[in-house]
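Residue numbering for the sequence shown follows the numbering used here, starting at 1449 and increasing by one per position. Quick reminder that beta carbons are idealized off the backbone N, C-alpha and C, glycines included.
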Amino acid sequence: IIVVVMIVRFLEGSISTKNLVIAPVDKGTIEITIPASGKVMPLTEEIIVSPINSRILEVYKEAGDSVNIGDPILKLELATIETDYKQKLDEMEMKKSRLVQSQISLNNNISEMQMQLQVKEMKLKQLQTELKNEQYLDSIGASTADKVRQTALNYEVAKLEFQQLKQQIVNQKKSSEAEARVQQLDLNIFEKSLAESARLLKDARILSPQKATLTYVNNQIGSQVSAGSQIAIVSDLSNYKVQAEIADSYAEKLSPGAKAVIKIGQLHLTGTVVNITPSVKNGAINFIVMLDDPSNSRLRSGLKTDVFVTYGIRDDVLRIPNGSYYIEAGDYDLWVVKDGTAEKRKVKLGESSFEYVEVISGLDISEQVIISDM
């Protein structure tokens, strides 16, 4: 009898409770969440690119070094751009001198024409006086009609020449103003080009733009770098954010301002969803979570995290703790424990949060359920 009982017990399916996670069914509130994956990133990060085609001459800092604003990171070869900048400085001085010379020349021409106008005006007054005298002499019989007509013709010709010169002065002034504007615009364009060269020369001296940590630097001395290529990255490693991605099937449930929970091991951090990209790439949507505690000591750049985004709340529902057994809403075979015996039961589960799963049917409150993956 003893041997039979022992054989029966040996053949019975059993497992130690130490190897199982058993949780009770209770009632409460579920903050419904959708799962996403994320990566911890520095809150502020600036990529420094080469403004010119050049080569690296010296490297002053290495990756991992702390830098302050204005600290030199590396040195590029600047001989070509410095020569170009100095040449443009000389050209600008030449353009300024030409502009002044042109203005002086134009002013002299106008002054000469104004003097000629005054002479013609005096001559016109003289002819007008002669015409009146001839008309008077003709009235008393001391002159002839032909002489009066000749004097009148001379007066009209001088009057037309006076008006013509006056109009030429007006036109010359307009032409001078237009030419001066053209030369000034040309000088302004050249000054902008010079300012751009000065900016390139300044940017080519690679300095730290902020107080941060140098996380990457191209330290290959002598190597060629092209304009726009990445040569250094400075990051603020005292504050972080989470860059996350979620399946596009959850697109309608994701919205800016939604609360999120970031799970790093046993650590739970809260944050807010911001900056959702409008496009879908490889079936996923990218978004950023701004953390409420961005300077937590457990955060490290590049650390992988689980992200749970809240999109609804349900009160007073049956619930069990979340675990690896749960994938999505639907029917599950769960083991219910009673008096040391585990019984498989069909259970319908609904929405979930990162902590709890909603029980729709199949379980009653206070029942014990195995939530290990069976």
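Alpha-carbon spacing of residue i relative to residue j, whole angstroms
i: residue 1751; j: residue 1452; result: 57 angstroms
i: residue 1762; j: residue 1475; result: 11 angstroms
i: residue 1620; j: residue 1558; result: 7 angstroms
i: residue 1568; j: residue 1592; result: 27 angstroms
i: residue 1730; j: residue 1814; result: 43 angstroms
i: residue 1520; j: residue 1694; result: 40 angstroms
i: residue 1794; j: residue 1692; result: 35 angstroms
i: residue 1586; j: residue 1596; result: 7 angstroms
i: residue 1524; j: residue 1663; result: 19 angstroms
i: residue 1744; j: residue 1712; result: 11 angstroms
i: residue 1497; j: residue 1652; result: 9 angstroms
i: residue 1721; j: residue 1737; result: 5 angstroms
i: residue 1553; j: residue 1540; result: 20 angstroms
i: residue 1655; j: residue 1488; result: 26 angstroms
i: residue 1740; j: residue 1716; result: 11 angstroms
i: residue 1423; j: residue 1571; result: This structure cannot speak to residue 1423, because the chain is shown only from 1449 to 1822.
i: residue 1573; j: residue 1640; result: 54 angstroms
i: residue 1699; j: residue 1776; result: 16 angstroms
i: residue 1749; j: residue 1495; result: 16 angstroms
i: residue 1742; j: residue 1464; result: 42 angstroms
i: residue 1459; j: residue 1450; result: 14 angstroms
i: residue 1575; j: residue 1604; result: 9 angstroms
Rounded distance between the beta-carbons of residue j and residue i, thought under 8 angstroms
i: residue 1522; j: residue 1679; result: 7 angstroms
i: residue 1543; j: residue 1635; result: 5 angstroms
i: residue 1490; j: residue 1683; result: 4 angstroms
i: residue 1550; j: residue 1631; result: 6 angstroms
i: residue 1671; j: residue 1503; result: 6 angstroms
i: residue 1789; j: residue 1690; result: At roughly 44 angstroms, the Cβ-Cβ gap does not stay under 8 angstroms, so residue 1789 and residue 1690 are not in contact.
i: residue 1507; j: residue 1665; result: 7 angstroms
i: residue 1564; j: residue 1526; result: That belief does not hold up - the Cβ atoms of residue 1564 and residue 1526 are roughly 56 angstroms apart, past 8 angstroms.
Which residues DSSP lists as bridging residue i, in chain order
i: residue 1678; result: 1497
i: residue 1728; result: According to DSSP, which records beta bridges pairwise, residue 1728 is partnered with nothing at all.
i: residue 1753; result: 1486
i: residue 1528; result: Note: residue 1528 sits in no beta bridge, so no partner.
i: residue 1653; result: 1523
i: residue 1708; result: 1719, 1757
i: residue 1738; result: 1689, 1720
i: residue 1816; result: 1472, 1785
i: residue 1611; result: Per DSSP, none; premise fails for residue 1611.
i: residue 1478; result: 1762
i: residue 1505; result: DSSP lists no partner for residue 1505.
i: residue 1797; result: 1778, 1807
i: residue 1672; result: 1503
Buried/exposed call for residue i, threshold 16 Cβ in 10 Å
i: residue 1719; result: buried
i: residue 1810; result: buried
i: residue 1457; result: exposed
i: residue 1599; result: buried
i: residue 1733; result: buried
i: residue 1688; result: buried
i: residue 1486; result: buried
i: residue 1509; result: buried
i: residue 1818; result: buried
i: residue 1746; result: exposed
i: residue 1710; result: buried
i: residue 1660; result: buried
i: residue 1726; result: exposed
i: residue 1514; result: exposed
i: residue 1728; result: exposed
i: residue 1755; result: buried
i: residue 1766; result: buried
i: residue 1768; result: buried
i: residue 1864; result: No information on residue 1864 is available, as it lies outside the stretch 1449 to 1822 that the chain covers here.
i: residue 1633; result: exposed
i: residue 1618; result: exposed
CB contact check: residue i to chain E, cutoff 9 angstroms
i: residue 1727; result: Among the chains of the structure shown, chain E does not appear; only one protein chain is present.
From the options, residue whose alpha carbon lies closest to that of residue i
i: residue 1771; options: 1794, 1820, 1695; result: 1820
i: residue 1807; options: 1686, 1797, 1814; result: 1797
i: residue 1479; options: 1495, 1707, 1728; result: 1707
i: residue 1616; options: 1562, 1700, 1567; result: 1562
i: residue 1724; options: 1757, 1466, 1667, 1710; result: 1757
i: residue 1647; options: 1674, 1533, 1789, 1525; result: 1533
i: residue 1703; options: 1481, 1464, 1477; result: 1481
i: residue 1472; options: 1786, 1802, 1801; result: 1786
i: residue 1601; options: 1613, 1612, 1578; result: 1578
i: residue 1484; options: 1822, 1816, 1802, 1812; result: 1802
i: residue 1499; options: 1584, 1773, 1649, 1748; result: 1649
i: residue 1477; options: 1735, 1800, 1812, 1696; result: 1800
i: residue 1530; options: 1642, 1556, 1468, 1492; result: 1642
i: residue 1705; options: 1760, 1686, 1511; result: 1760
i: residue 1528; options: 1501, 1812, 1582; result: 1501
i: residue 1626; options: 1583, 1779, 1547; result: 1547
i: residue 1668; options: 1469, 1462, 1505, 1812; result: 1505
i: residue 1686; options: 1804, 1764, 1492, 1581; result: 1492
i: residue 1804; options: 1822, 1773, 1791; result: 1773
The ligand NAD heavy atom lying under 8 angstroms from the CB of residue i
i: residue 1702; result: This structure does not include the ligand NAD; it has no bound ligands of any sort.
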